[in-house]
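Enquirer: The structure's right below; bear with me while I get my questions together.
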Amino acid sequence: MTYEEAAAAASQGAVALLPAGATEAHGPHLPLSTDVIISETAALRAARRLSDEGVASVVLPPLAYAVTEFAADFGGTISLSLETATALAHDVIMGAHRAGFSGVVVCNAHLEPGNLAALKAAVKSANEAGGWAAFPDVTRKPHALRLGEEFKSGACHAGSYETSLVLAAEPFMVRDEVAQALAPNPNSLSVAIRDGKGSFLEAGGPRAYFGYPADATATEGESLYAELSAIFAESAKALLAA
Ligand SMILES: [Zn+2]
């Protein structure tokens, strides 16, 4: 959008959707930008859904860096400190507030606990500072129940869930032959996190993937985007109504 288009959208009461991704290892078959692709695609589809219901929204450029300590052992991973990630999200939310948008919904695809904590803290501090923001955490109920069995098992980093989502959005970004040859890795990241593990290696993911990448399909990705975009659109409507 140009600045004039953005100003017009703000004056029409548009809510801003902020995709939140990361730059981190996603197995040998998905790009480092996987979470950026997923969050941006889900936000764009949420905007389309809102538009169909007569609700104005804009999609902000995504947060492409985050707390990614779990993937720190793998090439190309770039992690922010908790303080920087929190301040970055806070400042973007407040910037969108000053730009006149009716609120900000954080559309997050990077599920590491440190990143969830940063986004949660940023939304809280922005709301205390007079901003207006929401963070629907897809790792919590009821949202998590909508995202399939692998997601619920916690073995959901670069497995069939994320591979399907990238296949549906950017099929040429998936190394298909590599994905097809990957053995299942049912080790649950959420169980490992509960047990105090702090890296993919410690959690039993020597190639930075968990779950079942070979099972991924674009069709599955489409139905997951339908769920994710509904979660974000519902959050935007609740924010506007509150
Ligand atoms: Zn991811």
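Each number in the working numbering comes from the position in the sequence shown (counting from 1) with 3 added on. Each residue gets a CB set at the ideal place from its N, CA and C atoms; glycine is no exception.
Fully enclosed by the region 17-105, which alpha helix (DSSP H) runs are 4 residues long or longer?
Expert: Listed in chain order, they are 37-55, 85-101.
Enquirer: Determine which residues share a DSSP beta bridge with Ala136 and list them.
Expert: Here residue 136 refers to the residue found at position 133 when the sequence shown is read from its first residue. Val107, per the DSSP bridge assignment.
Enquirer: With distance defined between alpha-carbon atoms, name the residue in Lys240, Pro216, Leu227, Ala239 nearest to Pro31.
Expert: Taking the sequence shown and counting its residues from 1, one reaches residue 31 at position 28. From the listed residues Lys240, Pro216, Leu227, Ala239, the smallest Cα separation to Pro31 is found for Pro216.
Enquirer: Given 7 Å as the limit, tell me if Glu252 has its C-beta closer than that to any heavy atom belonging to ligand 1.
Expert: Absent from the structure is residue 252, since the part of the chain shown begins at 4 and ends at 245.
Enquirer: Counting pairs of beta carbons, one from the region 135-155 and one from the region 93-110, are three or more of them closer than 8 Å?
Expert: yes
Enquirer: How is the alpha helix (DSSP H) around Ala130 delimited, first residue to last?
Expert: Counting from one through the sequence shown, the residue named residue 130 turns up at place 127. Note on residue identity: the sequence assigns Asn, not Ala, to residue 130. Where Asn130 is concerned, the enclosing alpha helix (DSSP H) stretches over 116-131.
Enquirer: Count Cβ pairs between the region 58-78 and the region 13-25 that sit closer than 8 Å; are there 3 or more?
Expert: yes
Enquirer: Where does Gly214 land, buried or exposed, given buried means 16+ other C-beta within 10 angstroms?
Expert: The residue labelled residue 214 in the question sits at position 211 within the sequence shown. Buried.
Enquirer: Between the beta-carbon of Ala49 and the beta-carbon of Ala239, is there less than 8 Å?
Expert: As a first step, residue 49 is located in the sequence shown; it is residue number 46 there, counting from the start. As a first step, residue 239 is located in the sequence shown; it is residue number 236 there, counting from the start. Contact flag set, yes.
Enquirer: Tell me the DSSP bridge mates of Asn190?
Expert: Your numbering for residue 190 matches position 187 in the sequence shown. Looking at the DSSP assignment, Asn190 forms no beta bridge with any residue, so it has no partner.
Enquirer: Could you tell me the distance, in whole angstroms, from the CA atom of Thr89 to the CA atom of Tyr68?
Expert: Along the sequence shown, one-based indexing puts residue 89 at 86. Along the sequence shown, one-based indexing puts residue 68 at 65. Distance between the alpha carbons of Thr89 and Tyr68: 11 Å.
Enquirer: Once DSSP output is grouped into helix, strand and coil, what is the label at Gly2?
Expert: With the chain running from 4 to 245 in the structure shown, residue 2 is simply not present.
Enquirer: Going by the C-beta, is Ala211 closer than 7 Å to any heavy atom of ligand 1?
Expert: Here residue 211 refers to the residue found at position 208 when the sequence shown is read from its first residue. Because no heavy atom of ligand 1 lies under 7 Å away, the Cβ of Ala211 does not count as near it: no.
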